[in-house]
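K.L.:
Residue numbers (the UniProt record's numbering): 1 to 60.
1) If I'm right that residue 37 touches residue 25 with Cβ under 8 Å, what's the distance once you round it to whole angstroms?
2) Do residue 43 and residue 10 have their beta-carbon atoms positioned less than 8 Å apart in this structure?
3) According to DSSP, simplified to helix, strand and coil, what is residue 1?
4) Could you check whether residue 49 and residue 3 sit closer than 8 Å to each other, using their CB atoms as the reference points?
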């Protein structure tokens with residue numbers, strides 16, 4: 001698969017995770033902590049996706 005397609009799909013999935021977390025987490029946590037946790041989840045998703053993509057193309 002093309003690396004650009006994988007990058008875009010990881011970015012789109014991470015954005016969906018961010019949007020869902022921003023709406024869902026304030027229901028169970030105070031707003032400040034929920035926003036911080038949503039950003040941390042977003043960064044973790046982006047980092048994990050980038051790591052997996054780089055390892056996939058490094059192995060080929």
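Glycine residues also receive a C-beta, built at the ideal position from the N, C-alpha and C atoms.
P.N.:
So, to answer that:
1) 6 Å
2) no
3) coil
4) no
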